[in-house]
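Read through the structure below, which is laid out as structure tokens, and then see the notes.
Chains as they are written, first to last, in my numbering: chain A, 2 to 198; chain B, 2 to 198.
The following block contains the structure:
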């Protein structure tokens, strides 16, 4: 690893940190690359070198969030199966207490459905990784007889991710009418032959 | 009903029709009120009188879509219960064949999570109506023993709507990896004690 490469990595991380602060204060439409550059102590041209668009920068914010979520909720060390599903419920509880990042995720996910969008590749990867992670748990539960025999692990995994995404948008719009964590828990429990908690 | 009122209603409908055509050709970001005004044969100021923003106009497009969906899929005449659920699967099949309107729905739903957004009220209403419609069906199924006894109709209704929304975004992003209709059908079947079809 060269010194220049390391410096670039650090600068990139500083920019993402500044972007998170600006987004928190100004929201999706209020955030601008100019404000992020100012906060990070870098020129606008310098910022563009690392992130050619606001959307590319916001995808990097979500990428860092995924890494932080994995650390905090121990997603990389949890055993596939009930343990992992409980950690995913823990993540949903964290999200409900942090609506700002959920708001960013929901907005960028909708923007990024088109292949040409700067965050498109992030979401293609994110969905795949999320589905695989959950699939491994449902497969482990099927092996031990803890998954209902009529449940297909593939369908259950895809459905869990889609349900979480759909609940988030509906919860942000009508927070008093949507029990995000309770709905996810009830859905997971309905697939199992043993108590989730 | 006065002649002026009727004329206003017709003019409003013409504008929505023009907006649908422009959206179909230019997409979410390419569509402009100016282009819609031109297509509808009305001045820009005249258009603003009816729809103060692009987002308000797009909410009206979704409102007309809801009415058209209800007519085509006979949602207002289907009996609550299995019959209604089958019609909702029919609607999902129609949606898969018409990704353009799904794209508009997904994008505007994400934009409209904030209370200040011109389409916010539309989505609050849309979610409520959709949940009530599905709830009536699950309640009817519970009464006849066709719903699994451990399924709560309220949770099942909320989950169905959220699942459909989440599947739509994931399907638009990775169409080859998401079986939208199959996943919905499997989810519904898992709640029932009788065959869905």
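In this text, a Cβ means the ideal position worked out from N, Cα and C, and glycines have one as well.
TODO: Evaluate the contact criterion for the region 13-25 of chain A versus the region 37-46 of chain A: three or more CB pairs, one atom per stretch, below 8 Å.
DONE: yes
Point to revise | Alpha-carbon to alpha-carbon, residue 84 of chain A and residue 144 of chain A | key: 15 Å
Out of B:34, B:65 and B:64, point me to the one whose CA is closest to residue 50 of chain B's CA. B:34
With distances taken between CB atoms, is the gap from residue 165 of chain A to residue 93 of chain A smaller than 8 Å? yes
Under the three-state DSSP convention, the category residue 58 of chain A falls into: helix
Checklist line | CB contact check: residue 139 of chain A to chain B, cutoff 8 Å | finding: no
*asked:* Using a Cβ-Cβ cutoff of 8 Å, what residues of the region 93-112 of chain B are near chain A? List them in chain order.
replied: 104, 107, 108, 110, 111 and 112
- So which of A:72, A:46, A:48 and A:58 has the shortest CA-CA distance to residue 29 of chain A? A:58
Assumed close pair residue 113 of chain A, residue 108 of chain B - CB separation to whole angstroms, cut-off 8 Å | Actually they do not touch by this definition, with Cβ atoms about 10 Å apart.
Report task. For residue 162 of chain A, collect the residues of the same chain with a Cβ closer than 8 Å to its Cβ; drop the 5 residues on either side in sequence, then sort them by chain order. Result -> 128, 131, 132 and 135
Can you check the region 131-180 of chain B for any alpha helix (DSSP H) of at least 4 residues that lies completely inside it and give the ranges in chain order? 154-174
| said: Please report whether the beta-carbon of residue 42 of chain A lies at a distance below 8 Å from any beta-carbon of chain B. | reply: no
#### Entry: Residue nearest to residue 23 of chain A in terms of C-alpha spacing, selected from A:122, A:146, A:10 and A:62
A:62
Chain A partners of residue 128 of chain B, CB-CB under 7 Å?
171, 174 and 175
At the level of alpha carbons, what is the spacing between residue 8 of chain B and residue 188 of chain A?
49 Å
* Asked: Going straight from the alpha carbon of residue 77 of chain A to that of residue 158 of chain A, what length do you get?
  -> 17 Å
Residue from A:53, A:179 and A:96 whose Cα sits closest to the Cα of residue 69 of chain A = A:96
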